[in-house]
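Structure first, commentary second.
Protein chains in written order, with the UniProt record's numbering: chain A, 1 to 428; chain B, 1 to 428.
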């Protein structure tokens with residue numbers, strides 16, 4: 001039983017989890033693969049750092065090239081993160097005929113197409129289940145489970161930090177700033193939270209999911225992104241009153257062969273399966289022409305959930321190795337990508353407007369919607385503390401992004417509108 | 001591009017869906033498999049029946065053996081259902097080196113072990129994703145996604161009929177009989193609903209899930225089963241008042257290497273992900289040591305969801321065929337099965353008792369619990385229409401099945417108890 005030899009790049013949280021699982025489940029893994037999986041070499045930043053797992057020091061190196069070029073290594077598992085120089089290590093490994101398992105969403109979102117084509121060229125596997133939604137086997141499900149279906153929508157809560165913040169704001173009526181500070185103290189948000197709260201992390205994951213789900217080469221720049229840093233207590237209270245939860249939702253849509261991908265704060269109707277996904281949990285809702293509505297729910301991050309996905313990929317690669325069939329089972333990207341125009345992407349919108357409280361105001365505002373052919377589903381006027389102003393809560397029927405942009409432009413020059421307080425997408 | 005030739009056994013709802021998908025997604029399937037999938041022969045009960053899909057009459061036969069023994073056929077897709085004579089067709093197909101895709105939960109639950117070992121012997125694939133939870137790719141997920149994890153719990157709403165009935169009873173305060181009749185009219189329940197409402201269908205699916213999840217040869221007779229036909233409006237109202245939903249839940253549990261599997265009406269705390277799964281939807285909640293809590297949600301039945309799973313299996317088999325690696329990737333069953341004893345299976349219980357309303361009654365009842373070392377989490381006395389009786393709503397802490405049996409036996413001979421109205425498992 002010749003072992004499958006693994007070189008690990010990175011021994012942080014996830015790397016440590018991978019070592020723990022591979023060592024703790026040795027017999028199980030032999031049962032599945034037919035031979036042992038051995039973590040033979042590990043590249044770390046600092047050789048002499050104290051570690052949470054016992055590792056022979058001979059296995060450690062501080063030079064990732066040593067791992068990548070070690071002729072003994074069959075599979076490189078990359079859990080060091082970052083795009084450069086990580087990409088160079090992965091490309092080199094593939095060129096040397098080594099298979100790659102990675103948890104690196106940034107790399108796969110930005111350079112996925114180059115990495116996958118290099119892998120194909122050299123007959124290697126690249127697997128990246130852990131790059132999206134930690135412990136949820138969503139990539140495997142999209143590639144294999146729905147192989148015969150035509151997926152027309154993927155909606156995901158794929159960033160735990162923002163979902164934690166929005167959940168807390170909803171449950172406790174707290175402000176964005178308060179909850180962000182708390183999340184940073186608990187380690188759920190980073191010191192510089194920009195990538196999470198501005199939706200960039202979610203956008204990278206949606207790029208990966210849309211590429212696989214639609215079998216088109218979706219790029220990060222194709223994704224419309226809006227973060228949650230401007231969400232107020234009032235928005236959330238208003239959403240709740242109307243029977244919605246405000247969530248940061250990634251939506252990839254396809255009609256015929258035209259697609260759109262976005263990440264934006266979205267009001268989700270309370271009976272939609274995504275509305276009850278709370279805290280740091282992730283969930284991905286997939287709608288297929290045949291299969292209908294499905295949802296996959298689980299931990300989006302964390303040492304062991306993410307490491308479980310990495311090791312599941314490692315097992316798949318190891319089985320392929322034993323079978324001699326690597327490099328043949330990745331998702332086929334074979335469709336031309338056509339992005340919907342701004343005029344084709346349509347959805348319901350929620351608007352919260354501060355307006356003057358006098359006769360004729362409603363007429364002027366509804367006139368603007370009518371001019372741009374946006375029809376309204378509901379309109380609610382509520383008093384404010386001042387008797388000169390009122391707040392208008394409006395939900396539109398499906399309206400194109402282009403039409404909504406024109407409506408908002410017209411509102412800028414309408415002096416009965418004191419402030420456009422919020423505009424959100426509405427779903428469900 | 002030599003096509004992969006498929007023989008279909010059965011052309012009912014699911015069979016028709018398979019034909020529709022394979023024909024409607026021809027290009028997609030070629031993109032994935034590398035050659036076309038062709039449904040070459042179909043065994044039907046009646047040759048001249050009008051059909052929802054157009055089929056050349058030359059492909060039809062009323063003799064399943066003709067399909068099974070046709071040397072041209074690579075893969076037999078069985079969607080005719082039933083255990084006999086279906087089993088004989090499948091075993092024969094495997095012995096002739098044909099791969100098998102089946103949606104037949106009865107067959108897999110009762111004869112899975114024989115079928116899988118015959119497949120191994122002849123180097124054939126047997127895939128059966130559609131046998132559990134229709135469109136949810138749960139089998140694939142358990143086998144591959146969690147390959148490196150140790151699953152310690154699988155909880156499933158795996159029968160749409162009973163979930164529809166319980167959801168309606170909860171939403172409308174209707175009785176079991178009323179809702180069952182309605183479900184039968186809508187086609188959600190069969191004329192003879194026994195297999196669904198008595199939990200047998202769910203037990204078969206839990207047998208399959210537990211076998212895969214625990215990698216032990218779990219048999220149908222290992223499953224403790226209780227159905228929903230005795231559930232009353234009052235039980236559901238009581239559950240709701242306490243913050244629970246009453247659901248028919250299959251639970252497979254493992255501690256160390258001792259397992260238990262059951263299907264029973266269970267009170268599920270409202271914030272548990274399974275509590276909000278309503279109507280005919282199915283969901284499977286899986287807890288892994290590493291991955292934590294995950295849930296998979298989707299349509300449990302229906303032509304297209306089930307057919308999607310069948311075709312996903314067909315694609316996997318076809319890819320294996322192209323790669324020449326069939327018969328090597330099924331779930332390894334390699335652990336000895338040890339069932340927990342009645343004394344080891346412990347959970348919270350809900351009891352609804354009609355008792356005499358006089359001094360000393362509570363003392364007698366709580367004394368019985370104390371004698372059998374069952375401690376109580378909560379106890380609520382509520383008045384009834386009569387002034388001589390009261391209802392007691394009790395929730396216990398975790399108590400073994402053995403201890404609870406002794407408590408209930410003691411209650412039989414306690415004359416302050418007029419009636420043991422309901423006893424349910426409590427989760428979450």
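Quick reminder that beta carbons are idealized off the backbone N, C-alpha and C, glycines included.
Chain B partners of residue i, CB-CB under 8 Å?
i, result
"residue 429(A)", "Shown here, chain A extends from 1 to 428; a query on residue 429(A) therefore has no answer."
Taking all protein chains shown into account, do 16 or more other C-beta atoms lie within 10 angstroms of the C-beta of residue i, making it buried, or fewer, making it exposed?
i, result
"residue 53(B)", "exposed"
"residue 427(B)", "buried"
"residue 338(A)", "exposed"
"residue 168(B)", "buried"
"residue 425(A)", "buried"
"residue 358(B)", "exposed"
"residue 303(B)", "buried"
"residue 383(B)", "exposed"
"residue 387(A)", "exposed"
"residue 295(B)", "buried"
"residue 360(B)", "exposed"
"residue 367(A)", "exposed"
"residue 56(B)", "exposed"
"residue 58(A)", "exposed"
"residue 265(A)", "buried"
"residue 82(A)", "exposed"
"residue 255(B)", "exposed"
"residue 10(A)", "buried"
"residue 429(B)", "Absent from the model: residue 429(B). The displayed extent of chain B is 1 to 428, so no value can be given."
"residue 173(B)", "exposed"
Show which residues of chain B have a CB atom less than 9 Å away from the CB atom of residue i.
i, result
"residue 294(A)", "135, 136, 137, 296, 297, 298, 299 and 305"
Which partner residues of residue i appear in the DSSP bridge assignment?
i, result
"residue 224(B)", "262(B)"
"residue 155(B)", "251(B) and 285(B)"
"residue 349(A)", "425(A)"
"residue 335(B)", "216(B)"
"residue 297(B)", "295(A) and 283(B)"
"residue 99(B)", "75(B)"
"residue 361(A)", "For residue 361(A), which the question treats as bridged, DSSP gives no partner whatsoever."
"residue 461(B)", "In the structure as shown, chain B begins at 1 and stops at 428. Residue 461(B) is therefore absent and cannot be evaluated."
"residue 245(B)", "268(B)"
"residue 391(A)", "354(A) and 382(A)"
"residue 61(A)", "43(A)"
"residue 9(B)", "43(B) and 78(B)"
Quick one: list the residues of chain A neighbouring residue i, beta-carbon separation under 7 Å, in chain order.
i, result
"residue 290(B)", "21, 304, 305, 307 and 308"
"residue 149(B)", "308"
"residue 325(B)", "323 and 325"
"residue 315(B)", "147 and 148"
"residue 214(B)", "Neighbours of residue 214(B) on chain A: none; closest Cβ ~11 Å, over 7 Å."
"residue 334(B)", "31"
Can you pull the chain B residues whose beta carbon is under 7 Å from the beta carbon of residue i, in chain order?
i, result
"residue 369(A)", "Neighbours of residue 369(A) on chain B: none; closest Cβ ~35 Å, over 7 Å."
"residue 311(A)", "148"
"residue 372(A)", "Going along chain B, no residue has its Cβ under 7 Å from residue 372(A), so there is no contact; the nearest lies around 38 Å."
What does residue i touch in chain A if you count any residue whose Cβ is under 8 Å from its own?
i, result
"residue 411(B)", "What residue 411(B) touches in chain A: nothing, since even the nearest Cβ is about 38 Å away."
Item to check | Contacting positions in the stretch 258-277 of chain A - beta carbon closer than 7 Å to chain B | outcome: Answer in chain order: 273 and 276.
Next on the checklist: Tell me which residues of the stretch 29-60 of chain A have at least one Cβ-Cβ distance to chain B shorter than 7 Å, keeping chain order.
Outcome noted: So the list reads 29, 31 and 32, given in the order they occur along the chain.
Checklist entry - So does the stretch 139-148 of chain B actually touch the stretch 281-296 of chain B, counting three or more Cβ pairs closer than 8 Å? => result Counting C-beta pairs with one atom in each stretch, the stretch 139-148 of chain B and the stretch 281-296 of chain B have three or more that are closer than 8 Å, which means they touch.
Item to check | Three-pair Cβ contact test at 8 Å for the stretch 303-322 of chain B versus the stretch 175-185 of chain B | outcome: The stretch 303-322 of chain B makes no contact with the stretch 175-185 of chain B: fewer than 3 CB pairs, one atom from each, lie closer than 8 Å.
Next on the checklist: Is it the case that the stretch 94-102 of chain A contacts the stretch 71-81 of chain A, given that we only count it when at least three CB pairs across the two stretches are under 8 Å?
Outcome noted: Contact between the stretch 71-81 of chain A and the stretch 94-102 of chain A is present: 3 or more CB-CB pairs across the two stretches fall below 8 Å.
Checklist entry - With contact counted as at least three CB pairs below 8 Å, one residue from each stretch, are the stretch 14-33 of chain B and the stretch 300-307 of chain B in contact? => result At 8 Å Cβ cutoff, the stretches touch.
Checklist entry - Does the stretch 34-46 of chain B come close enough to the stretch 97-116 of chain B to have 3 or more Cβ pairs within less than 8 Å? => result Proximity of the stretch 34-46 of chain B to the stretch 97-116 of chain B falls short of the contact definition, fewer than three beta-carbon pairs being nearer than 8 Å.
Checklist entry - Relative to chain A, which residues along the stretch 96-128 of chain B have a C-beta separation below 9 Å, given in chain order? => result Listed in sequence order: no entries.
Item to check | Touching by the beta-carbon criterion (3+ pairs, under 8 Å), the stretch 120-131 of chain B and the stretch 211-222 of chain B | outcome: As far as the Cβ criterion goes, the stretch 120-131 of chain B does not touch the stretch 211-222 of chain B, which means the pair count is below three.
Checklist entry - Name the residues in the stretch 376-398 of chain A whose C-beta lies less than 9 Å from a C-beta of chain B; which are they? => result Listed in sequence order: no entries.
Next on the checklist: Taking contact to mean 3 or more Cβ pairs, one atom from each stretch, closer than 8 Å, check whether the stretch 207-218 of chain B and the stretch 185-195 of chain B are in contact.
Outcome noted: Contact between the stretch 207-218 of chain B and the stretch 185-195 of chain B is absent, because fewer than three Cβ pairs lie under 8 Å.
Next on the checklist: Three Cβ pairs or more, each shorter than 8 Å: is that satisfied between the stretch 272-281 of chain A and the stretch 157-164 of chain A?
Outcome noted: The stretch 272-281 of chain A makes contact with the stretch 157-164 of chain A: 3 or more CB pairs, one atom from each, lie closer than 8 Å.
Next on the checklist: Does the stretch 399-417 of chain A come into contact with the stretch 239-255 of chain A, if we say contact requires no fewer than three beta-carbon pairs (one atom in each stretch) closer than 8 Å?
Outcome noted: The way I'd put it, the stretch 399-417 of chain A doesn't touch the stretch 239-255 of chain A; fewer than three beta-carbon pairs between them come closer than 8 Å.
Checklist entry - Does the stretch 389-405 of chain A come close enough to the stretch 27-36 of chain B to have 3 or more Cβ pairs within less than 8 Å? => result No, because fewer than three Cβ pairs between the stretch 389-405 of chain A and the stretch 27-36 of chain B fall closer than 8 Å, the two stretches do not touch.
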